[in-house]
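Asks: Mind looking over this structure? Questions follow.
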Amino acid sequence: MLELSRSGAGCQLAYGGDTLNTAVHMARAGHDVAYLTALGSDPLSADLKERWAGEGLDTSLVLDHPTRSTGLYAISTDATGERSFSYWRDTSAAREMFALPGSAEALELATQADLIAFSLITLAILPPEGRKTMFALAGAVRLRGGQVAFDGNYRQRLWNDTAEACKVRDEAIALATIGLPTLEDETALSGEDRASAVASHWQGLGCAETVVKLGAEGCRLPDGSVIAPEVVLAPVDTSGAGDAFNAGYLAARLDGADHSKAACAGHKLAGWTIMRSGAIPAQEP
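With the first letter of the sequence shown counted as 1, position 152 gets the number 155 in this note's numbering; the numbers rise by one all the way through.
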């Protein structure tokens, strides 16, 4: 999505989105990452694709929608760096990505991945048939022996009700090998405020490697231990923190790190991100 944020007296245009944020960070870490989505055929969409390629993303699976454009969100932060969003994405191209010409070929290539990552937001923007396609892709990757990472990123306004969101979330959990829920999201969905209970729910559905993100307190690992991050004073912008954690954790796991070292890598990247503006801060020289 296009990201609109305040910059001095004006606004700055960038890009972001939960799975995209994770993909870019993983590409920056040196992994071979392709991004499957749809953009419009307008100049802004072309600019997005060019900038993603500049970050090292393989954009060959990015499909072009003939009439729709990309989504837009505006971000605001308070004095503590906490963010709030306004969205314009009801007619975004990504909602119809699995109905476009070329989607079958893109899906076939995606099944060959060592790891795929998607989120509850991914599922929220897709129509029912699109969700079935996403689930089929996850199942195919897992059947091949690949890893399936799922983030239960919950945005209430994208769902008709919590019951629907919980049902779809649980279907996704059952297909995942790596679960990355956030306790705050799980509490909003079910009222459950204990990380141990959240982990039990996810693991009980078949996702053995479940890491529960606890915000400033750190994360709960599959063995029940909690890894705390380094203290970060005066964060600038917390948008993208969870996505950066996902990237750091997944990249480290792909590199052979154990759960604890991967969690530390996730915390480090998330800490770097929240000290800078934007969902995907620019790399420093």
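The C-beta atom is built at its ideal place from N, Cα and C for all residues, glycine as well.
1) Is DSSP giving Val144 helix, strand or coil here?
2) Between which two residues does the alpha helix (DSSP H) carrying Val235 extend?
3) By Cβ distance below 7 Å, which residues in the same chain neighbour Leu23 in space, the five residues on each side in sequence not counted?
4) Does any residue of chain B have a CB that is nearer than 8 Å to the CB of Leu126?
5) Is Thr40 near the ligand HEM, judged by its Cβ being under 7 Å from some heavy atom?
6) Compute the Euclidean distance between the alpha carbons of Lys52 and Arg71, then round it to the nearest angstrom.
7) Using the three-state DSSP reduction, which class does Ala30 fall into: helix, strand or coil?
8) Going along the chain, which residues of its own chain have a beta-carbon closer than 6 Å to the beta-carbon of Ala143, five neighbours each way excluded?
9) Distance, Cα to Cα, Ala41 vs Val65?
10) Is the Cβ-Cβ distance between Asp188 and Asp21 less than 8 Å?
11) Under 8 Å between the Cβ atoms of Met29 and Ala254?
12) What first and last residue would you give for the alpha helix (DSSP H) that runs through Thr125?
13) In the DSSP assignment, the beta strand (DSSP E) including Val65 goes from what residue to what residue?
14) For the beta strand (DSSP E) containing Thr165, name the first residue and the last one.
15) How many Å lie between Ala219 and Thr125 at the Cα?
16) Determine whether the beta carbon atoms of Asp240 and Ile277 lie at a separation below 8 Å.
17) Measure the CB-CB distance between Arg172 and Gly155 and report whether it falls below 8 Å.
18) Between which two residues does the beta strand (DSSP E) carrying Val323 extend?
19) With DSSP as the reference, identify every bridge partner of Thr185, one or two as the case may be.
Replies: Well, looking at it:
1) Stepping through the sequence shown from its first residue, residue 144 is reached at position 141. Helix at Val144.
2) For the purposes of this step, residue 235 is identified with residue 232 of the sequence shown, where counting begins at 1. That residue, Val235, is in no alpha helix (DSSP H); it is neither H nor E in DSSP.
3) Here residue 23 is taken as the residue at index 20 of the sequence shown, counted from 1. The answer, listed in chain order, is Tyr38.
4) No chain B appears in the structure shown, which is made up of a single protein chain.
5) Among the components of this structure there are no ligands whatsoever, and the ligand HEM is therefore not found.
6) Counted from its first residue, the sequence shown places residue 52 at position 49. Counted from its first residue, the sequence shown places residue 71 at position 68. So the alpha carbons of these two residues sit roughly 15 Å apart.
7) Locating residue 30 in the sequence shown gives position 27, where the first residue counts as 1. Note: Ala30 maps to helix in three-state DSSP.
8) Translated into the one-based positions of the sequence shown, residue 143 becomes position 140. Only Thr114 meet the Cβ criterion.
9) Taking the first residue of the sequence shown as 1, we reach residue 41 at position 38. Taking the first residue of the sequence shown as 1, we reach residue 65 at position 62. The straight-line gap from Cα to Cα measures roughly 5 Å.
10) Translated into positions along the sequence shown, residue 188 becomes position 185. Translated into positions along the sequence shown, residue 21 becomes position 18. The answer is no: Cβ separation not under 8 Å.
11) In the sequence shown, residue 29 corresponds to position 26, counting from 1. In the sequence shown, residue 254 corresponds to position 251, counting from 1. Yes. Within cutoff.
12) Here residue 125 corresponds to residue number 122 of the sequence shown, with the count starting at 1. Counted as a single uninterrupted DSSP element, the alpha helix (DSSP H) harbouring Thr125 occupies residues Leu123 to Ile128.
13) Position 62 of the sequence shown, counting from 1, holds the residue named residue 65. Taken as a continuous stretch (DSSP letters only), the beta strand (DSSP E) holding Val65 covers Val65 to Asp67.
14) Translated into the one-based positions of the sequence shown, residue 165 becomes position 162. No beta strand (DSSP E) holds Thr165; the alpha helix (DSSP H) holding it covers Thr165 to Ile176.
15) Within the sequence shown, the letter at position 216 stands for residue 219. Within the sequence shown, the letter at position 122 stands for residue 125. Rounded to whole angstroms, Ala219 to Thr125 spans 25 Å at the Cα level.
16) In the sequence shown, residue 240 corresponds to position 237, counting from 1. In the sequence shown, residue 277 corresponds to position 274, counting from 1. Cβ atoms of Asp240 and Ile277: closer than 8 Å.
17) Here the question's residue 172 lines up with position 169 in the sequence shown. Here the question's residue 155 lines up with position 152 in the sequence shown. In contact: Arg172 and Gly155 (Cβ atoms closer than 8 Å).
18) There is no way to answer for residue 323, as the model of the chain reaches only from 4 to 288.
19) Your numbering for residue 185 matches position 182 in the sequence shown. The partner list for Thr185 (beta bridge, DSSP) reads Lys216.
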